[in-house]
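Some notes on the structure that comes next.
Numbering (this note's numbering), first residue to last: 24 to 292.
Encoded structure:
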């Protein structure tokens, strides 16, 4: 990783957090005017304001690293991704929640260098929680290290899960609905926070059928650095190269369930 990234990372975290706080304090979530993008997802003025503000911050700190934002065209995204070094920005992960006044959304930012995700941060403005990680240096919540999950055993039948059934294969979705093996499940609507809550031990298993690069890059790095399983339903590491614009499935688990949870998914998929 570039030494300048490590040196400026704390300052960048503070700048990002302040910019996001300022914008969220100036707007009111809930029934904000929105439009639908070509993929059917919502876009609000806050998405655009956050992307513009954060892009300016990144350009001031790192003028030579382009920003790949969710709100760009696919051609623009592909051109930036092809450079192998860029910021991956989802300015408002959970726009539908935000536009309906549901307080579960986040700002997600990751850095890709030489085709590898090496840094990530996810900011939850409603709880003032900033999850962040540098590859190989552990995961943090605000300034406190997130304890690795290796020494916290859990049985699958006691697990709290986040499951997004909307995008799962039919057979697997039916199995989840009729013979789920865990204690209880939730679905909150912010992929970046899903991964971070796995890292923090708030859930023990995770399953999602389709995530874009800017959805999972930062949060999955945080979860990985906290010792959690972070793979696809095809058993490839979700952050493995080549990173593309094609959506990936996502399977996550605390270490004690890192074998049994993927096995259950394979059996029922």
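Built from N, CA and C at the ideal position, the CB exists for glycine as well.
For residue i, count the other beta carbons within 10 Å of its own beta carbon; 16 or more makes it buried, fewer makes it exposed. Which is it?
i, result
"residue 56", "With a pLDDT of 48 at residue 56, under the threshold of 50, the modelled position of that residue is not reliable, and no figure is offered here."
"residue 280", "buried"
"residue 242", "buried"
"residue 67", "buried"
"residue 275", "buried"
"residue 258", "exposed"
"residue 124", "exposed"
"residue 54", "Low confidence applies here, because residue 54 scores a pLDDT of 49, under 50, leaving its location unreliable and the question unanswered by this model."
"residue 247", "buried"
"residue 207", "exposed"
"residue 106", "exposed"
"residue 131", "buried"
For my contact list, residue i and residue j are in at a C-beta cut-off of 8 Å; report their separation, rounded to the angstrom.
i, j, result
"residue 104", "residue 268", "7 Å"
"residue 256", "residue 157", "Contact doesn't hold; Cβ gap of about 28 Å is too wide."
"residue 40", "residue 146", "6 Å"
"residue 93", "residue 114", "7 Å"
"residue 127", "residue 212", "6 Å"
"residue 249", "residue 222", "4 Å"
"residue 46", "residue 76", "6 Å"
"residue 108", "residue 91", "Actually they do not touch by this definition, with Cβ atoms about 10 Å apart."
Please tell me whether residue i has its Cβ less than 8 Å away from any Cβ of chain B.
i, result
"residue 83", "Protein chain content of the structure displayed is limited to a single chain, and chain B is not contained in it."
In the DSSP output, which residue or residues are listed as bridge partners for residue i?
i, result
"residue 147", "152"
"residue 225", "Its beta-bridge partners do not exist; DSSP assigns none."
"residue 266", "Residue 266 is not bridged to any residue."
"residue 139", "136"
"residue 183", "207"
"residue 234", "271"
Can you check which of these residues, the options, is closest to residue i by C-alpha distance?
i, options, result
"residue 227", "287, 176 and 138", "176"
"residue 179", "191, 91, 136 and 288", "288"
"residue 85", "32, 169, 141 and 119", "32"
"residue 169", "38, 218, 260 and 284", "218"
"residue 152", "133, 117, 220 and 284", "220"
"residue 252", "230, 75, 235 and 205", "230"
"residue 282", "132, 254 and 266", "254"
"residue 160", "189, 133, 141 and 199", "141"
"residue 35", "265, 155 and 238", "155"
### Query
Within the chosen definition, does the segment 191-199 reach the segment 97-113 through at least 3 CB pairs nearer than 8 Å?
no
### Query
Okay, do the segment 66-86 and the segment 174-185 touch, 3+ Cβ pairs below 8 Å being the bar?
no
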